[in-house]
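Peer 1: Pasting in a structure now, in C-alpha cells, and then I'll have a few things to ask.
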Amino acid sequence: MRIILHIDVNNAFLSWSAIYLLKQGYKYDIRNRYAIIGGDKSKRSGIVLAKSTPAKKRGVVTAETIYSARKKCPNLEVYPSNYQWYQKMSNAMFKILKNYTDEIEIYSIDECFLDYTKIKKIYGDEVKFAHKIKDEIYKTLGFTVNVGVANNKLCAKMASDFEKPFKVHTLYDSEIKTKMYPLDVGELFGIGKKTAEKLRTIGIKTIGDLANFDINRLTKLFKNQAVIMQEKARGIDNSPVIYWNIEAKGIGNEITLKNDIYTKEELKPFLLSLSEHVGIRLRKENKYAYVICVVLKDNLFRRFSHQKKLLNPTNSSNEIYKTAINILDEMNMDNPIRLVGIRLDKLTTSEVRQMSIFENENRIIEDTKLNKTLDELKDKYGTNVIKVASLKDKNLFKKKLK
DNA sequence: TCTGGGGTCCTAGGACCC
DNA sequence: TCTGGGGTCCTAGGACCC
57 MRIILHIDVN NAFLSWSAIY LLKQGYKYDI RNRYAIIGGD KSKRSGIVLA
107 KSTPAKKRGV VTAETIYSAR KKCPNLEVYP SNYQWYQKMS NAMFKILKNY
157 TDEIEIYSID ECFLDYTKIK KIYGDEVKFA HKIKDEIYKT LGFTVNVGVA
207 NNKLCAKMAS DFEKPFKVHT LYDSEIKTKM YPLDVGELFG IGKKTAEKLR
257 TIGIKTIGDL ANFDINRLTK LFKNQAVIMQ EKARGIDNSP VIYWNIEAKG
307 IGNEITLKND IYTKEELKPF LLSLSEHVGI RLRKENKYAY VICVVLKDNL
357 FRRFSHQKKL LNPTNSSNEI YKTAINILDE MNMDNPIRLV GIRLDKLTTS
407 EVRQMSIFEN ENRIIEDTKL NKTLDELKDK YGTNVIKVAS LKDKNLFKKK
457 LK
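Heads up: the first sequence begins at 57 in our numbering, then just goes up one per residue.
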C-alpha cells in the first residue's frame with residue numbers, strides 16, 4: 057500500500073504577501089485583517105486572487121470581482137501580488153521537503169505531492185511526519201500549510217482540503233466511505249461547476265451518490281468520462297508521484313487590453329510583443345514549436361481561437377509573429393476584443409528542418425542569429441532595452457508580461 | 001458593476017487515405 | 001445510380017485546475 061502526502065499552503069498568495077509586508081516593517085499582519093490579494097482594477101483585472109480567513113468568513117471568494125467582494129466586506133483591504141516573492145517562498149518550502157526525499161511532485165506554486173512509501177522505514181509513522189513538516193515549515197518560513205495523508209494522490213489532495221488552516225488530515229482507503237462519500241459532489245477533484253450541475257439533474261448530490269450510481273446511465277450522459285468520474289468518486293487513483301521534471305506541453309502568453317479593440321490592425325502590435333515573449337521563453341528552454349495558436353476573447357467574454365501547424369517547428373519570434381498575423385487574418389472579429397494571446401503547442405527539442413523550396417537558408421540563419429543576440433541583450437540589460445520599432449513610444453500595454 | 005493568466009486534457013467534426 | 005467503413009490527423013471549443 058502506498059502512502060502519499062499532499063502539502064498545500066494555506067491562502068498562499070495572501071500569507072506570502074503578509075510575510076513580505078512584515079519584513080518591510082508593515083505594522084499589520086494582513087492574515088488577521090479583512091484583506092485580499094487583488095488584480096489592478098485600472099487594468100481591467102480587478103479580481104480576488106487570494107483572501108484572508110477573516111475575509112473568507114465574510115463570504116469573499118477567489119476569482120470574484122473586487123467590486124463584489126467589497127459589497128460583502130466594505131472595509132476590505134486590497135494588496136497587489138508579488139510573483140517574484142511568491143516563487144522564492146515556494147522554492148524555500150520545496151527545499152525543506154527535499155531534505156527528506158526526492159520523490160516530490162511539484163503540482164503548482166503552492167502544492168506538492170510526496171511519496172512517503174519508501175521513506176516510512178526511516179521516518180516512521182506518516183501522521184507524525186506530516187505534523188513534523190507542517191511545524192518545520194511554519195517555524196522556518198512563517199506560513200502555515202495543510203497536509204493530507206492517504207494511499208493515493210487523489211485522496212491526499214482531498215484530505216488536505218478538509219479543515220483549514222494548519223491541519224493534518226488522513227483519508228486512507230478505509231476512510232473513503234465515512235469521510236468522502238458525504239461531501240457534495242462538486243467538492244470532488246475534477247468535478248467543476250458544469251459537471252456538478254449536470255450530475256444534480258440526475259439526482260447525484262454527494263460523492264457517495266456518484267460512487268454508487270448506475271454506470272450505464274452515467275455513461276449515456278458522460279461517455280468515456282463516466283468510468284473515470286466514478287472511480288474518482290470511489291477514491292481510486294493509481295497515478296504515480298512524478299518527481300522528475302515534466303516538460304511543458306505548450307507555452308502561452310495572453311494579455312487583457314486596456315480598452316476593447318475593434319480592428320485587426322490595432323491588434324498587430326500586441327501580437328508582435330506576445331510573439332517576442334513566447335519566443336524568448338521557447339528559446340530559453342531550447343525548444344521549437346510546431347503549432348501556433350492565436351486566442352481572442354471578445355467583450356462578451358467568449359474565447360475563441362485559431363491555430364496553424366507549421367511544416368517545420370520554429371523558435372523564431374519573427375516567424376511566430378508572421379504566422380500569428382496570418383491566423384488573425386482568417387479569424388472573424390464580429391465583436392470588440394478585450395484579450396489577445398498566443399500559444400505554442402507540440403513542442404520539440406530538435407530542429408528538424410526540411411527546407412521548403414520557398415525558404416531561403418541564409419535568411420533562416422540570419423533570423424536565428426538575430427534572436428540569439430536579442431535574447432542575450434535582454435538578459436543583460438532587461439526586457440525594456442529593445443523595443444520593436446512599431447511599439448516604440450506607444451504606451452500600449454496595460455501590464456508587464458512575464 | 002465587473003469579470004486574470006497560466007496551463008492540461010478531452011471531444012466532436014471534417015479532411016483525407018486506403 | 002449508388003455508394004462502406006476504418007484509421008489518422010487536424011482544428012475548434014469546452015471543462016477543469018491553480
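Built from N, CA and C at the ideal position, the CB exists for glycine as well.
Since the structure is predicted, the reported quantities are computational estimates derived from the model, not experimental observations.
(1) Would E310 and L384 be called neighbours here (beta carbons separated by less than 7 angstroms)?
(2) Who are the near neighbours of L274 in its chain, counting only those whose CB is closer than 6 angstroms to its CB and skipping five residues on each side?
(3) Using 8 angstroms for Cβ pairs, my map puts C168 next to E159. What's the rounded Cβ distance?
(4) Would you mind reading off the limits of the alpha helix (DSSP H) that contains G308?
(5) Grouping DSSP H, G and I as helix and E and B as strand, with all else coil, what is M57?
(6) What would DSSP say about E219, mapped onto helix, strand or coil?
(7) Considering Cα atoms alone, identify which of N388, D316, S361, N342 is closest to N355.
(8) Any idea which residues DSSP pairs T405 with across the strands?
(9) Do you know how far the Cα of M149 is from the Cα of T173?
(10) Taking the straight line between their C-alpha atoms, what separation do you get for L452 and P325?
(11) Hey, how far is the Cα of I336 from the Cα of K353?
(12) Candidates V183, L313, K113: which alpha carbon is nearest L327's?
(13) How should T319 be labelled, buried or exposed, when 16 other C-beta atoms within 10 angstroms of its C-beta is the threshold for buried?
(14) Are there 16 or more other CB atoms within 10 angstroms of the CB of L426, so buried, or fewer, so exposed?
(15) Whole angstroms is fine: what's the gap from K223's alpha carbon to G259's?
(16) Which residue's Cα is closest to the Cα of F218: V203, K209, S230, N207?
(17) Between N368 and Y344, what straight-line distance do the alpha-carbon atoms span, to the nearest angstrom?
(18) Do K127 and V116 have their C-beta atoms closer together than 7 angstroms?
(19) Return the bridge partner residues of H362 from the DSSP annotation.
(20) Decide if K178 is buried, meaning its Cβ has at least 16 other Cβ atoms within 10 Å, or exposed.
(21) With H, G and I counted as helix, E and B as strand and the rest as coil, what does DSSP make of Y228?
(22) Can you give me the start and stop residues for the beta strand (DSSP E) that F326 sits inside?
(23) Around the Cβ of R399, are there at least 16 other Cβ atoms within 10 angstroms (buried) or fewer (exposed)?
(24) What would DSSP say about Y172, mapped onto helix, strand or coil?
(25) Between K79, I92, I247, D85, which has its C-alpha nearest F278's C-alpha?
(26) Identify whether G102 lies in helix, strand or coil by the three-state DSSP scheme.
(27) CA-CA distance, K195 and S230?
(28) Rounded to the nearest angstrom, what separates E322 and K188 at their Cα positions?
(29) Per DSSP, A91 forms a beta bridge with which residues?
(30) Candidates Q363, A119, R359, R339: which alpha carbon is nearest I348's?
(31) Just verifying my parser: in three-state terms, what is the DSSP assignment at T486?
(32) Check N368 in the structure and name its three-state DSSP category.
(33) Could you have a look at S295 and say whether DSSP puts it in helix, strand or coil?
(34) Which ranges does the beta strand (DSSP E) cover as unbroken runs of at least 3 residues, wholly within the region 143-202, from first to last along the chain?
(35) Quick one: what does DSSP say A430 is sitting in, helix, strand or coil?
Peer 2: Concretely, from the data shown:
(1) no
(2) Here the set comprises A282.
(3) Incorrect: roughly 10 angstroms between the Cβ atoms, too far for contact.
(4) Per DSSP, G308 belongs to no alpha helix (DSSP H); it is in the beta strand (DSSP E), 307-317.
(5) coil
(6) DSSP places E219 in coil when its eight states are reduced to three.
(7) It is D316 whose Cα lies nearest to the Cα of N355.
(8) According to DSSP, T405 bridges with nothing at all.
(9) 21 angstroms
(10) Interpretation of L452 is limited by its pLDDT of 38, a score under 50 that renders its predicted location unreliable; no figure is taken from the coordinates.
(11) 24 angstroms
(12) L313
(13) The residue in question, T319, is exposed, as its Cβ has fewer than 16 Cβ neighbours within 10 Å.
(14) exposed
(15) 33 angstroms
(16) V203
(17) 9 angstroms
(18) no
(19) V350
(20) According to the sequence provided, residue 178 is Ile. The question's Lys does not apply to it. When all chains shown are included, I178 counts as exposed.
(21) coil
(22) Not the beta strand (DSSP E): F326 falls in the alpha helix (DSSP H), residues 320-340.
(23) buried
(24) coil
(25) I247
(26) Three-state result, G102: coil.
(27) 33 angstroms
(28) Each residue's alpha carbon lies about 56 angstroms from the other.
(29) E133
(30) Taking I348 as reference, the option from Q363, A119, R359, R339 with the minimal CA-CA separation is Q363.
(31) Nothing about residue 486 can be reported from this structure: the residues present for the chain run from 57 to 458 only.
(32) strand
(33) coil
(34) 160-164, 167-171
(35) Residue identity differs from the one stated: residue 430 is Leu in this sequence, not Ala. Helix, per DSSP.
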